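First the structure, in the form of structure tokens, and then the observations on it.
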Amino acid sequence: MRNKLETSGDHSPILNDCNITMYNQMKYDSVMARKNEIYIPIIEELISIDQNIFKAKFSNRIDNKFIKEVISRQYKYRVEDALLNKLIKIDGFISEFNKIDIENISGHIIVEMFTKGFIELYGDINDGEVPIYYEGYIIDYDTVYPEEYENIELIAFNSELLKGIIQDADDYIEYENELYNRSLINMFEFALAARNKKYSPKRIPIIDWDGIPEYYIASQSDFNELYNTHSSIIAKRSFKQKINDLCKELANDVDRILKEIFIKYEKE
């Protein structure tokens with residue numbers, strides 16, 4: 095019979111203890127690596143998303159590079175199924191959120207506002223026609239639209255001016271006892287100004303208005319109402335709320351995992 099205290103051979107208690115110690119160390123190292131390489135980066139990105147998503151009304155895109163990496167390289171990270179499913183879900187929300195371009199939507203709203211006000215002030219006009227040639231022959235005529243329409247397209251998508259309008263951060267200009275957003279007025283003034291036109295005739299109002307035209311045009315529409323009721327802006331806000339809610343839920347899930355690691359492997 096083998097002595098239980100024998101220290102030689104394959105069943106040596108010393109070797110067994112050594113193997114257990116090595117296994118425990120390897121297990122500890124593996125858990126710490128997952129903590130530092132997976133869970134902490136995830137929770138830090140979630141915190142960043144949570145802090146930034148409501149920071150500014152003008153926020154347009156959300157960055158979730160690490161979450162995307164974990165999803166696409168699950169063969170490497172091997173996160174738990176429940177956590178992975180939530181990461182996939184929030185990545186989907188973020189992708190839809192990022193597709194909706196606030197600047198583009200706002201620029202088009204401003205173009206529509208200007209066009210509507212311009213037509214009310216000057217009529218649905220054009221500046222004549224130009225011939226269309228094919229092999230030296232006139233085959234048709236193309237309508238020459240007011241240069242003002244081209245000008246508003248040039249200025250309406252300016253990021254800095256849009257930021258002042260969307261965030262409502264500009265100071266306001268008072269005209270005829272009404273307040274107007276400075277950036278919006280600057281856009282309309284740019285579109286109407288003679289210095290920015292080459293061939294357009296002087297515009298004559300078709301209504302009784304002898305004031306400054308950009309103020310009349312601005313008075314005919316409410317940017318905030320058009321912006322806030324736009325279907326894409328409503329959808330973006332909905333995705334923003336979904337992201338915010340799921341972000342908090344995910345952060346709690348990861349925090350719970352980190353607490354379990356601390357209690358089991360780090361707490362003395």
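Residue numbers (this note's numbering): 95 to 362.
C-beta atoms are modelled at their ideal positions from N, C-alpha and C, and glycine is treated no differently.
Quick caveat: nothing in here was measured; it's all calculated off a predicted structure.
Under a 10 Å Cβ-count criterion, Met281 is classified as buried, with 16 or more other Cβ atoms of the shown protein chains found around its own Cβ. As for any alpha helix (DSSP H) of minimum length 4 sitting wholly inside the segment 246-296, the runs are 253-260 and 276-286, ordered along the chain. Annotated three-state conformation of Glu241 is helix, per DSSP. One alpha carbon belongs to Glu343, the other to Lys336, and they sit about 11 Å apart. Note: Pro299 is not bridge-paired with any residue in the DSSP secondary-structure output. A contact is defined here as three or more CB-CB pairs under 8 Å, and the segment 341-361 fails this definition with respect to the segment 311-331.
Bounds of the beta strand (DSSP E) holding Glu223 are Glu223 to Tyr228. Around Lys330, the same chain offers Phe191, Ile194 and Ile196 as residues with beta carbons nearer than 8 Å, after the five sequence neighbours per side are excluded.
Per DSSP, the continuous alpha helix (DSSP H) segment holding His202 begins and ends at Ile196 to Tyr216. Ile134 carries a helical assignment under DSSP once its states are collapsed to helix, strand and coil. For Asn154, the closest alpha carbon among the candidates Gly186, Trp303 and Lys257 is that of Lys257.
Counting the other Cβ atoms within 10 Å of the Cβ of Tyr169 gives fewer than 16, which makes it exposed. Per DSSP, the continuous alpha helix (DSSP H) segment holding Gly186 begins and ends at Asp175 to Lys193. The C-beta distance from Tyr266 to Leu273 rounds to 4 Å, short enough to meet the 8 Å contact threshold.
One thing to note: Glu308 has its Cβ within 8 Å of the Cβ of Glu283.
Residue burial annotation: Met126 is exposed, with fewer than 16 other C-beta atoms found within 10 angstroms of its C-beta. In the DSSP assignment, Tyr231 forms a beta bridge with Tyr228.
Met207 is the residue among Met207, Tyr122, Lys159 and Leu178 whose C-alpha sits nearest the C-alpha of Ile279. For Asp236, DSSP records a beta bridge to Val224. Judged by beta-carbon spacing, Tyr235 lies beyond the 8 Å limit of Glu244, meaning their Cβ atoms are not closer than that value. When the Cα atoms are used, Tyr239 and Ile199 turn out to be separated by approximately 23 Å. As the crow flies, the alpha-carbon of Tyr310 is around 21 Å from that of Leu248. Using a Cβ distance threshold of 8 Å, Ile259 and Ser277 count as a contacting pair. Selection His202, Leu215 and Asn275 evaluated against Ile327 yields His202 as nearest (Cα-Cα). Using a Cβ-Cβ distance cut-off of 8 Å, the segment 156-176 and the segment 210-217 are not in contact, since fewer than three pairs of beta carbons, one from each stretch, lie closer than that value. Inclusion of Ile306 and Ala250 in the CB contact set at 8 Å is not warranted, their separation being larger than that value.
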